[in-house]
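Participant:
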Amino acid sequence: MAVKTEKYYVPAQSPWPLTGALGLFLLAAGAGLWSAGLGGIAGPVVFAAGTLVMTVMLFGWFSNVISESHQGLYSEQMDRSFRQGMAWFIFSEVMFFGAFFGALFYARVLAVPWLGGAGNNAMTHEVLWPEFESIWPLLTTPGGMETTAMGWLGLPLINTIILLTSSVTVHAAHLALLQQQRSRLKAWLGATVALGALFLSLQIWEYVHAYEELGLRLDSGIYGNTFFLLTGFHGAHVTLGTLMLFIMWLRVNKGHFTPAQHFGFQASSWYWHFVDVVWLCLFIFVYIL
1 MAVKTEKYYV PAQSPWPLTG ALGLFLLAAG AGLWSAGLGG IAGPVVFAAG
51 TLVMTVMLFG WFSNVISESH QGLYSEQMDR SFRQGMAWFI FSEVMFFGAF
101 FGALFYARVL AVPWLGGAGN NAMTHEVLWP EFESIWPLLT TPGGMETTAM
151 GWLGLPLINT IILLTSSVTV HAAHLALLQQ QRSRLKAWLG ATVALGALFL
201 SLQIWEYVHA YEELGLRLDS GIYGNTFFLL TGFHGAHVTL GTLMLFIMWL
251 RVNKGHFTPA QHFGFQASSW YWHFVDVVWL CLFIFVYIL
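full-length UniProt numbering applies: residue 1 is where the sequence shown begins, and numbers increase by one.
1. Of the residues Thr147, Lys254, Val208, Leu157, which one's Cα is nearest the Cα of Lys186?
2. Tell me, to the nearest whole angstrom, how far the beta carbon of Ser269 is from that of Val193; I am working on the premise that it is less than 8 Å.
3. Under 7 Å between the Cβ atoms of Ser202 and Ser166?
4. With distances taken from CA atoms, which of Phe233, Ala31, Leu52, Val56 is nearest Pro44?
5. Hey, out of Thr141, Ala197, Thr148, His256, whose CA is closest to Leu243's CA?
6. Quick one: any contact between the stretch 49–67 and the stretch 83–101, if contact means 3 or more CB pairs under 8 Å?
7. On the DSSP letters alone, give me the boundaries of the alpha helix (DSSP H) that Glu206 sits inside.
8. CA-CA distance, Phe101 and Phe132?
9. For Leu216 and Thr148, which I take to be in contact (beta-carbon distance under 8 Å), what is that distance rounded to the nearest angstrom?
10. Given Val252, which residues of its chain have a CB within under 7 Å of its CB, disregarding the five upstream and five downstream residues?
11. For Met249, which residues of its own chain have a beta-carbon under 8 Å away from its beta-carbon, when the five flanking residues on both sides are left out?
12. Kindly list the residues whose CB is nearer than 7 Å to the CB of Val46, restricted to its own chain and excluding five residues on each side of it in sequence; keep chain order.
13. Spell out the partners DSSP gives Thr140 in its beta bridges.
14. Does the distance from the CB of Asp276 to the CB of Leu104 come in under 7 Å?
15. Is it buried or exposed for Arg108, if we count other Cβ within 10 angstroms and need 16 for buried?
16. Report all residues from its chain with a CB closer than 7 Å to the CB of Tyr271; omit the five preceding and five following residues, and keep chain order.
17. Within 8 Å, do at least three Cβ pairs link the stretch 11–20 to the stretch 57–67?
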């Protein structure tokens, strides 16, 4: 007896992977030029161009996938591939942030105490930096630059509450979708997008406060480096997550998604919960401890 095989749609060649690679390159180049103070206005312009390219790529690629799905080209195997792909993508992001948290751990637990003469390194301490005190956060660089630590009260605590609340609202939106309550779905998902935008606005405010009032900058030694790299990359991920959820909100308003078929929404909510967990770790290990 012949075995019925399941169809598997293979899409045509697409420009979006290359477009995404170009956008990421422009973002990285622009951020590098901007943070290093090179090229004058070139850094912000290149960074803005990268942001624009990434936004166009997301909307374009999502549009193609939505069109293919509505044409009935996808099978159950394709759905499993999407789920596996998103799971591996989030895993790669866990490893990405794991590397930066590892750098923070190395600096706080190993490098800074070593410079302070911990263990059998008293001679090294006397030779390299006799005035150094092994206290975290490290507020004085070897060059003599002094900075101020960012406390956990105020904007960081408010942003933590905002992100934790957004996890609740996106879950409420998912429940509304499963219960086919479209008005609640629109409201809860729209609230999640608004909370994401509010978080980013307050983080910009926090950065301005750090630079202008605390003297906390990217070049403020290992403390400034780790603070801005961890919070900055997290902010970039929140920006991507907010954009993804905004696209999902537009789709919801067009009548897309059913309780049985809504993986686009589900994948975006997975990603959002991921960035919320990362922020909780940041709040504990960067701001409080």
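The beta-carbon is built from N, C-alpha and C at its ideal position, and this holds for glycine as well.
Facilitator: The relevant details are as follows:
1. Each of Thr147, Lys254, Val208, Leu157 was checked against the Cα of Lys186, and the nearest Cα belongs to Lys254.
2. At roughly 12 Å, the Cβ-Cβ gap does not stay under 8 Å, so Ser269 and Val193 are not in contact.
3. For the sequence presented, residue 202 should be read as Leu rather than Ser. Going by C-beta atoms, Leu202 is not nearer than 7 Å to Ser166.
4. Shortest Cα-Cα distance from Pro44 to any of Phe233, Ala31, Leu52, Val56 involves Ala31.
5. Of the listed residues, the one whose Cα sits closest to Leu243 is Ala197.
6. no
7. 182–209
8. The alpha-carbon of Phe101 is positioned some 24 Å away from that of Phe132.
9. 6 Å
10. Leu185, Lys186, Leu189
11. Before going on, a small fix: residue 249 reads as Trp here, not Met. Cβ contact annotation for Trp249 (same chain, cutoff 8 Å, sequence separation greater than five): Lys186, Leu189, Gly190, Val193, in chain order.
12. The answer, listed in chain order, is Leu26, Ala29, Gly30, Leu33.
13. Glu146
14. no
15. Buried.
16. Ile90, Gly241, Met244
17. yes
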